[in-house]
Each structure stands twice: as C-alpha cells, then as structure tokens.
Amino acid sequence: MKNTVKNFMFYIAFVASLGGLLFGFDTAVISGAEKSIQTVYDLSDFSHGFTIAIALIGTIIGAFICSKPVEKYGRLKALKIIAFLYFVSAVGSAAIIDWYSFLFFRFAGGLAVGASSVVGPMYIAEISPSRWRGRFVAFFQFNIVLGIVLAYFSNYWIHGIPHDWQWMLGVEAIPAIVFALLLYTVPESPRWLVKQNKETEARRIIKEVSNADIEQEVHEIRESLVATGNCGEKLFQRKYRKPILYAFLIATFNQLSGINAILYYAPRIFEMSGVFTNSAMMQSIVIGLTNLTFTMIGMILIDQVGRKKLLYIGSIGMAISLALVAKGFCQDTFSGYYMLACLMGFIAFFAISLGAVIWVLISEVFPNSVRSKGQVLGSMTHWVWSALLSWMFPVFIRTGGTFIFSFFAIMMFLSFFFALRLPETKNKSLEQIQKELTN
C-alpha cells in the first residue's frame, strides 16, 4: 500500500511538474533564436532586450492575475488553462508574420510561465505528504532545468536549417499537448477541496496520496483555515510579515544571482570569450546538463540536509564563481574554457541551493488561507527582477561583463546572511510551519 501511494504521488508530481518543463523550455529556447530575431527585425540593443523581456513581462502579469481564478476554480483547472496558453504561444511564435505578432505570442507564453510558477508548486505542496513534500516540490525545479536542457539540445539540432529560429520556438507545442492531456488523469488539491467544503472528495484524495490518518489530516486543514480565516484573508498583515519577507527575499536573491540573464544569453556570453556560434551552443548544452545533474542532487539533499544548509553552501560557491567570471572580463585574458568552468561552477552551486529551494520555500511558508496570494507575491518578485535583468543585460554586456558579474557576485555574498535568518522547514507539516511563522 505504501509503495502504491508513493508511486501515485510521484506520478501526480511528474504531471504537475510538466508545467515546469515547459517553463524551463520557454525560458531557454530563446537563447538559440535571440541573435536571429535581432537581425531579422533590425533591433537596437534596447529594443532587442525588450523583445526578449516581453515574455518575462507576461510572467509578471500571469503570476499576478492567477490568484483569484486558482482560488475560485481550483488548481487543476488553472493548470489546464496554462497548458493551453503554452500551446498557443508556441504555435503563434512559429507562425509569426511581423514583430508585433511575435511580441504578442511571446507575451502569451509569459502568462503561462508566470501562472505556472504559482500554481504548479502550490498544487504539489498541497497534495504531498510532509515527509516527501520538499522532494516533490523540488521536482518542479528539476523539470524546469530539464526543459532548459531539452531547449538547448533542440536549438543545437535545429540550428542551420531554413527558418531555424521559428522551428526552435514552435517545437514547444509538443510537450504542451502532452501536459494538457495528462492533467485529466490527476486529482484536485485536497486542501482546496476542504476550503470549498467538499470534504468527502478531499478524504478520498487524501486516502489515495497519503498513508496518514485521514480524519486527522482533514481536521488539521480545517483548523488552519479557521485560525487564519478563509480565502478572503488579506495577505499584507502584521502576522504574515515573516512569510512575506522570506518569500520576497528568496525570490529576489534567486534572480539577482543573474541566473535567467545567463541562461537567456549563454551563447552570446560564450561568443564574447572567443567561441564560435556552434561551439557556443554546445557549451550551453554543457551548462544545461550541469544544471540538471546538480538539480537532481539538490532534490535528494533538500529533505535530508535541509533548506538552510544548502543555501549556505550555494551562496558562497556562487559568489566565488561569479567573481571569477568578473575577473576574467576585467583582465580580458580568459578563454572559452575558463568561462565554461566558471559558469559550470556557478550553475552547480545555484542548482543545489537557490534553484532547489525557491519554489519549495515559497510554497511552504504561507498559511493555507493566503497561500495562493503568497505564491503570487513570490513569483511576481521573481519575474519582475528577471524581466528587468534580461531586458537590460544586452546593454550592460555591450561594454563588457565586469560590472554586471561583479554585481551578481556581491548579491550572492549578501544572500548568505539572508540564509542565516531563515527558518528550517524540512519534515514539518504545512500547518506546523504556519503556527511557527504566524504566532
């Protein structure tokens, strides 16, 4: 029985995390197309940065507007809408006629990514038993990274064929269809069902996904809702100051590491170190595989070592790696291999720390009654920083990478002190975390 429950829970996490795979694919696929897009539309560096950032502007709005539909219609229906948006964005981007059409469909994809970053981790956290929750929510991050790797491989294979950049963007439609179909095989969040007074259905689902005492589980969920109010509860209250601060800062430091800017512009960064285009794309694949490998390690460690220790190790490792990149740009003596080694180090430390922890922590620290709003806050913070950095990165990098990579290194040094103040949430139920952070 125990293995059956765990296998079914793994399947649910796998399906929900396909939204993360599309999230990652959409994030990285543009790296292979961005130079062609700039050439085709004859864009300035500023306009080109805006073209890349338009999807990220969509993520901000997608994260912001999804809170009420998620509460009203449920997590599962929201995920189905997200799958549809991914499909429309992929097909539309591949069939574009002009720049404005391209911007529109990339924006639609951004809506899907932003909403996915809210709903996916929330759904997995709410449906997972506490002893597996960290691992299963981290599986969402694993699929983000897997999507990034698949995008890099796809770009490498497609590069060189006629209209290659349009094909790079269009192939995303295939996993979007798979995601949409598989969502019809998984259940709704039992915590959302209890909030909707559908306790009979909630009990049935808890029985399928957990070996815990069903009545005790329902009682704890109901008790937490009574203690904090229901879905009309306001997020910005004094009692929620700690969850708000933790979510805001983990999302801020995640992006001020420079991770998304580096992933979006990886081939261009390698070309700046003297690597040819095809080799630059291959080195991007190496970066993606490093990310995937260490994300898997992070998934294993997050429920064993804990969130805090991973952040300690990662913040120092990232600061050193980024400082070495900045030093290479400053001295102008680096090679492509030096750049690859430094960025591999950065990616490895990011993957086991900020990459593995962000969505887990944001989904854990907020009480049931405001979890969707808290998830929106964390995701919006993440995407606002990502949009700003990705938009301005071509401008910063035009004069060399010393300044911007030094800035990223300093931010990671500061993130170490943030990690010192974080609570440890491993092996605690969501209701237990709620009591500790809101009392």
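Using our numbering, you'd call the opening residue of the sequence shown number 74 and step up by one each time.
Note that the Cβ used here is the ideal one computed from N, Cα and C, for glycine as well.
Can you tell me whether F466 is buried or exposed, with buried defined as 16 or more other CB within 10 angstroms of its CB? Buried: at least 16 other Cβ atoms inside 10 Å.
Residues in its own chain within less than 6 Å of F538 by CB, not counting five upstream and five downstream? For residue 538 there is no data in the structure shown, the boundaries of the chain being 74 and 512.
Using the C-alpha atoms, what's the distance from E199 back to I138? Cα-Cα distance, rounded: 20 Å.
Expressed to the nearest angstrom, what Euclidean distance is found between the alpha-carbon atoms of W456 and V186? Here the alpha carbons of V186 and W456 stand approximately 10 Å from one another.
Tell me whether the beta-carbon of L59 lies closer than 8 Å to the beta-carbon of P248. The question about residue 59 has no answer, for the chain in this structure spans 74 to 512.
Per the contact definition of three or more C-beta pairs closer than 8 Å, is the segment 139-159 in contact with the segment 179-194? A contact exists between the segment 179-194 and the segment 139-159.
Going along the chain, which residues of its own chain have a beta-carbon closer than 6 Å to the beta-carbon of G361, five neighbours each way excluded? Within the same chain, G361 has close Cβ partners I221, V222, Y225.
I need the straight-line Cα distance from F44 to N500, nearest angstrom please. Outside the displayed range of the chain (74 to 512) lies residue 44, so it cannot be described from this structure.
Neighbourhood of F422 by C-beta, 6 Å cutoff - its chain only, sequence neighbours within 5 removed: The residues G387, G390, M391, in chain order, have a CB closer than 6 Å to that of F422 in the same chain once the five nearest residues on each side in sequence are set aside.
Between the alpha carbons of W238 and Y337, how many angstroms are there, rounded? In a straight line, the C-alpha of W238 is about 14 Å away from that of Y337.
Start-end ranges of the alpha helix (DSSP H) lying completely within the segment 129-206, minimum 4 residues: Taking only runs of at least 4 residues, the alpha helix (DSSP H) segments lying wholly in the segment 129-206 are 140-146, 148-167, 172-200.
Tell me the rounded alpha-carbon separation between T325 and I358. Approximately 26 Å, taken between the alpha carbons.
What span of residues does the alpha helix (DSSP H) with S488 cover, start to end? For S488, the enclosing alpha helix (DSSP H) begins and ends at 475-494.
Would G474 and A399 be called neighbours here (beta carbons separated by less than 8 Å)? Remark: C-beta atoms of G474 and A399 approach each other more closely than 8 Å.
Classify R276 as helix, strand or coil using the three-state DSSP reduction. Looking at R276 - three-state DSSP - the assignment turns out to be helix.
Distance check for Y84 and F476, CA to CA, integer angstroms please. In this structure, the straight-line span from the alpha carbon of F476 to that of Y84 is close to 44 Å.
Quick check on the burial criterion: 16 or more other C-beta atoms within 10 angstroms. Buried or exposed for D99? Result: buried.
Would you call the segment 481-498 in contact with the segment 159-174, where contact means no fewer than 3 C-beta pairs closer than 8 Å? Fewer than three pairs of CB atoms, one per stretch, sit closer than 8 Å, so the segment 481-498 makes no contact with the segment 159-174.
Do you know offhand how far F177's Cα is from I110's? Cα-Cα distance, rounded: 15 Å.
Quick one: grab the DSSP three-state call for T258. Looking at T258 - three-state DSSP - the assignment turns out to be helix.
At a cut of 8 Å, does the segment 118-138 reach the segment 416-436 through at least three beta carbon pairs? For the pair of segments examined, the segment 118-138 was found not to touch the segment 416-436: the number of CB pairs separated by less than 8 Å stays below three.
Option nearest I515 by Cα separation, candidates S488, Q404, V102: One cannot answer for residue 515 here, as it falls past the ends of the chain, which runs 74 to 512.
Whole-angstrom distance between Y411 and Y385, CA atom to CA atom: Looking at the two C-alpha atoms, the distance is approximately 25 Å.
Go to Y337, then tell me how far its alpha helix (DSSP H) extends in each direction, as first and last residue. 332-337 is the extent of the alpha helix (DSSP H) around Y337.
Can you tell me whether Y173 is buried or exposed, with buried defined as 16 or more other CB within 10 angstroms of its CB? In summary, Y173 is exposed, with fewer than 16 beta-carbon neighbours lying within 10 Å of its beta-carbon over all protein chains present.
Tell me, to the nearest whole angstrom, how far the beta carbon of F180 is from that of S166; I am working on the premise that it is less than 8 Å. A Cβ-Cβ distance of about 10 Å is found for the pair F180 and S166, leaving them out of contact under the 8 Å criterion.
DSSP three-state label for T472, please. In this structure, T472 counts as coil in the three-state DSSP scheme.
Assuming F402 is part of the alpha helix (DSSP H), what are its boundary residues? Here the alpha helix (DSSP H) through F402 covers 380-404.
Quick check on DSSP: helix, strand or coil for V449? For V449, the secondary structure class from DSSP, reduced to helix, strand or coil, is helix.
Answer with buried or exposed for H121, where buried requires no fewer than 16 other C-beta atoms within 10 angstroms of its C-beta. Here H121 is buried. Its C-beta has 16 or more other C-beta atoms within 10 Å.
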